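So for the sequence shown, my numbering puts the first residue at 3; every next one is plus one.
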Amino acid sequence: GVEIYSTDPPQKTFERRDHNIYAPDFALPLSKYAKMPNGKGEILTWTVEYKKKPNTPATGIIIGEMISGPDKGKRFCANTRQDDTRTLNWLLSRCRIGEQVEVECTGKETKMVRGVAETEMISFSAPHNAAL
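In structure tokens, the structure reads:
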């Protein structure tokens, strides 16, 4: 649908904001990211990818911050393990921002992306005592 709020032209035409003004708000140096995180992490944001047919949850994806271990205070990205329906159901049961998860990295390097080795799998799971 289309909504028209005025027939008068705008006083100023659209122009992009200078990204240098807001870039420091979200861009962290690579040193602030955990390369091989293991331990407890806190969820900063999350999403769930769904299968096309049937329309069921496939993978949970989080961005978090380590709260224990040698990478404490560093950011990480992680996925649910394949077929971990318990963690997917836990993630979908309510908003999980601020919740703690168990983070594990296999440490196996699989490919180089822009000269940086990517690890095979950084996964997370719901806390062992979490109620669903």
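In this text, a Cβ means the ideal position worked out from N, Cα and C, and glycines have one as well. No experiment lies behind these values; they were computed from the predicted model shown.
Residue-chain proximity (residue i, chain E), Cβ-Cβ < 8 Å
| i | result |
| --- | --- |
| Gly66 | This model lacks chain E altogether; it includes just one protein chain. |
Endpoints, beta strand (DSSP E) assigned at residue i
| i | result |
| --- | --- |
| Asn81 | 77-82 |
| Gln102 | 102-107 |
| Ala60 | 59-68 |
| Thr49 | 41-52 |
| Ser127 | 124-127 |
Residue i to residue j span [Cα, whole Å]
| i | j | result |
| --- | --- | --- |
| Leu32 | Gly43 | 18 Å |
| Arg88 | Thr82 | 10 Å |
| Lys2 | Glu106 | In the structure displayed, the chain extends from 3 to 134; residue 2 sits before or after that span and is not available. |
| Thr9 | Tyr52 | 42 Å |
| Thr112 | Glu101 | Because the pLDDT of Thr112 is 49, which lies under 50, any placement of that residue in the model is unreliable, and the number read from its coordinates should be weighed accordingly. Answer to the nearest angstrom: the Cα atoms are 30 Å apart. |
| Thr49 | Lys14 | 37 Å |
| Gln84 | Ile65 | 18 Å |
| Ser127 | Ile63 | 11 Å |
| Asn57 | Trp92 | 18 Å |
| Glu5 | Asp86 | 44 Å |
Status (buried if at least 16 other CB within 10 Å, exposed otherwise) for residue i
| i | result |
| --- | --- |
| Ile99 | exposed |
| Phe78 | buried |
| Phe16 | exposed |
| Leu94 | exposed |
| Pro72 | exposed |
| Pro39 | buried |
Residue i: first and last residue of the uninterrupted alpha helix (DSSP H) it sits in
| i | result |
| --- | --- |
| Thr87 | 87-94 |
CB-CB length for residue i against residue j, believed under 8 Å
| i | j | result |
| --- | --- | --- |
| Glu67 | Leu46 | 6 Å |
| Lys76 | Lys34 | 6 Å |
Residues near residue i in its chain [Cβ-Cβ closer than 8 Å; skip 5 each side]
| i | result |
| --- | --- |
| His21 | none |
| His130 | Glu104 |
Same chain, Cβ closer than 7 Å to residue i, five either side skipped, listed in chain order
| i | result |
| --- | --- |
| Ser70 | Gly41, Lys42 |
| Ser125 | Ala80, Asn81, Thr82, Arg83, Glu106 |
Neighbourhood of residue i by C-beta distance below 6 Å, restricted to the same chain and skipping five residues each side
| i | result |
| --- | --- |
| Thr61 | Glu51, Asn81, Thr82 |
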